[in-house]
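K.L.:
Residue numbering for the sequence shown follows the working numbering, beginning at 109 and increasing consecutively.
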Amino acid sequence: MPTDDAFVGLLALALSSFVSATLFPGGSEVVLLTLLQQRPELYWTAIVVATAANTAGGMTSYLIGRLLPARADARGIRWVRRYGYPALLLSWLPLIGDALCV
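#1: Out of 160, 208 and 177, which one is the CA nearest neighbour of residue 118?
#2: I need the straight-line Cα distance from residue 208 to residue 124, nearest angstrom please.
#3: Excluding the 5 residues flanking residue 92 on each side, which residues of the same chain have their C-beta closer than 7 Å to its C-beta?
#4: Judging by CA-CA distance, which residue of 174, 136, 182 and 169 is the nearest neighbour of residue 158?
#5: Spatial neighbours of residue 127 within its chain, please: C-beta separation below 6 Å, excluding the five flanking residues on both sides.
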């Protein structure tokens, strides 16, 4: 079982990964690398925590997109309709990419 400082590090990683996968910009990679530099024995635990929290953040963005009322004149929708699904390859861009996915 991880010690208290390892637990705090994993909690910070989970929070950072979750927030980074939503509409808010973040740098979960820096948190992951810092945690692994200080506690290399937590490698697989950190990878699982980061993956789970990132997935939860992405699903939260998806849920937000499903709950928002559909507006046919929304800029992102028009852009995807004009350029097609390949436009979603820009989903890695901060703020813009997340809005495209939502």
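Where is the CB? At the ideal position from N, CA and C, for every residue including glycine.
Here the structure is a predicted model, which means the values were calculated and not measured.
P.N.:
With the structure as the only source:
#1: Cα-wise, what sits closest to residue 118 is 160.
#2: If you take the alpha carbons of residue 208 and residue 124, they lie about 21 Å apart.
#3: Nothing about residue 92 can be reported from this structure: the residues present for the chain run from 109 to 210 only.
#4: Ranked by Cα distance from residue 158, the options 174, 136, 182 and 169 are led by 136.
#5: Here the set comprises 134.
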